[in-house]
Amino acid sequence: AQTVTQSQPEMSVQEAETVTLSCTYDTSESDYYLFWYKQPPSRQMILVIRQEAYKQQNATENRFSVNFQKAAKSFSLKISDSQLGDAAMYFCAYRSLGNTPLVFGKGTRLSVIA
Amino acid sequence: DTGVSQDPRHKITKRGQNVTFRCDPISEHNRLYWYRQTLGQGPEFLTYFQNEAQLEKSRLLSDRFSAERPKGSFSTLEIQRTEQGDSAMYLCASSLLDGQGTYEQYFGPGTRLTVT
Numbered sequence: 002a003q004t005v006t007q008s009q010p011e012m013s014v015q016e017a018e019t020v021t022l023s024c025t026y027d028t029s030e031s032d033y034y035l036f037w038y039k040q041p042p043s044r045q046m047i048l049v050i051r052q053e054a055y056k057q058q059n060a061t062e063n064r065f066s067v068n069f070q071k072a073a074k075s076f077s078l079k080i081s082d083s084q085l086g087d088a089a090m091y092f093c094a095y096r097s098l099g100n101t102p103l104v105f106g107k108g109t110r111l112s113v114i115a
Numbered sequence: 036d037t038g039v040s041q042d043p044r045h046k047i048t049k050r051g052q053n054v055t056f057r058c059d060p061i062s063e064h065n066r067l068y069w070y071r072q073t074l075g076q077g078p079e080f081l082t083y084f085q086n087e088a089q090l091e092k093s094r095l096l097s098d099r100f101s102a103e104r105p106k107g108s109f110s111t112l113e114i115q116r117t118e119q120g121d122s123a124m125y126l127c128a129s130s131l132l133d134g135q136g137t138y139e140q141y142f143g144p145g146t147r148l149t150v151t
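As structure tokens, this is what we get:
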């Protein structure tokens, strides 16, 4: 079975600064997907960024980018130019091929300090 | 596209009562997932459907839990004889699976269950 580990329960960042959230995972599969989801307080979960394991190039979405290290089974999220609206719980998630259910980590609560 | 909706948003019930939650997925999505999220944890998979067929159930889904998606559209999750340990946020997500690839799971706002 796959597992996802987020070792940072809480992180904080100054507005406009950069922060990196860590995620490691365990799997015996060679092809899979990795995701970062954002869950703002009392609001629904939304997808931030996705990475296909077969792609060597790291995914980027505006201020959000990942550092995907397949051999190390590491998948960190970098948020640049942090904004107050980035404050939320961030979940790293794994999915096998074929739209199977997601496996989530425990999450990292990010605070943004003005 | 109005997104995934869930009803009710909040439910308080007494231990031993039965509760039922509803999820309406995005209209063209053929896959529907139920997850449970307890305080301070990430969501955990419960069960999922492709159209009306229930494809998989987690070991977390005890005999007191049952889920249906009778016409391949909305889904219901029923918990019988609720226990305090059932208190959690119940999340529904939907996605589209077709031959061209995989699509993202879109989440609803969740139903927060409190068992007293």
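Protein chains in written order, with the numbering used here: chain B, 2 to 115; chain U, 36 to 151.
Don't be surprised by glycine CBs; every beta carbon is placed ideally from N, CA and C.
For clarity, every value in this text was computed on a predicted model and none was experimentally measured.
Reducing DSSP to helix, strand and coil, say where residue i ends up.
i, result
"Q119/U", "helix"
"D87/B", "helix"
"S13/B", "strand"
"M124/U", "strand"
"N68/B", "strand"
"I61/U", "coil"
"F109/U", "coil"
"K49/U", "coil"
"S81/B", "coil"
"E18/B", "coil"
"T101/B", "coil"
"L131/U", "coil"
"L48/B", "strand"
"E62/B", "strand"
"C1/B", "Not covered by the structure: residue 1/B. The range shown for chain B is 2 to 115."
Can you tell me where the beta strand (DSSP E) with residue i in it begins and where it stops?
i, result
"D110/B", "The sequence given here has Arg at residue 110/B, not Asp. Here the beta strand (DSSP E) through R110/B covers 109-114."
"L81/U", "79-85"
"Y55/B", "Looking at the DSSP string, Y55/B is not in any beta strand (DSSP E), and its letter there is neither H nor E."
"R94/U", "Neither: R94/U is in no beta strand (DSSP E) and is coded neither H nor E."
"K39/B", "33-40"
"V39/U", "Counting along the chain, V39/U falls outside any beta strand (DSSP E), and DSSP gives it neither H nor E."
"E103/U", "100-103"
"L148/U", "146-150"
"Q72/U", "66-72"
Taking Cβ-Cβ distances shorter than 8 Å, what residues in chain B pair up with residue i?
i, result
"G143/U", "Q45"
"F80/U", "P102, L103, V104"
Can you name the residues of chain B whose CB is closer than 7 Å to the CB of residue i?
i, result
"G77/U", "F92, F105, G106, K107, G108"
"Q89/U", "Under the 7 Å cutoff, chain B gives no residues; its nearest Cβ is about 12 Å from Q89/U."
"Y83/U", "P102"
"Y68/U", "P102"
"Q140/U", "L103"
Near residue i, what residues of its chain come up, given a Cβ to Cβ distance below 8 Å and the 5 sequence neighbours on each side ignored?
i, result
"E63/U", "L131"
Less than 7 Å between C-beta atoms, sequence neighbours within five positions excluded: which residues of the same chain meet that for residue i?
i, result
"T73/U", "A123"
"I47/B", "Y38, K39"
"S97/B", "E30, Y33"
"Y125/U", "F56, W69, R71, L112, G145, T146, L148"
Quick one: which chain U residues come within Cβ less than 8 Å of residue i?
i, result
"L111/B", "Residues of chain U passing the Cβ test: none, with the nearest at roughly 15 Å."
Got a sec? Which residues, its chain only, sit under 6 Å from residue i by beta carbon, not counting five neighbours each side?
i, result
"M90/B", "Q40, G108, R110"
"D42/U", "R57"
"L22/B", "L78, Y91, T109"
Anything in chain U within Cβ reach of residue i, meaning under 9 Å, just list it in chain order.
i, result
"L35/B", "By Cβ distance, chain U contributes nothing, its closest Cβ being about 13 Å from L35/B, past 9 Å."
Using a Cβ cut-off of 7 Å, pull out every chain U residue sitting near residue i, in sequence order please.
i, result
"V48/B", "Inspection of the sequence shows that residue 48/B is occupied by Leu rather than by Val. Those within 7 Å of L48/B in chain U are E139."
Are any of the Cβ atoms in chain A nearer than 9 Å to that of residue i?
i, result
"A123/U", "The question asks about chain A, but that chain is absent: this structure's protein chains are B and U."
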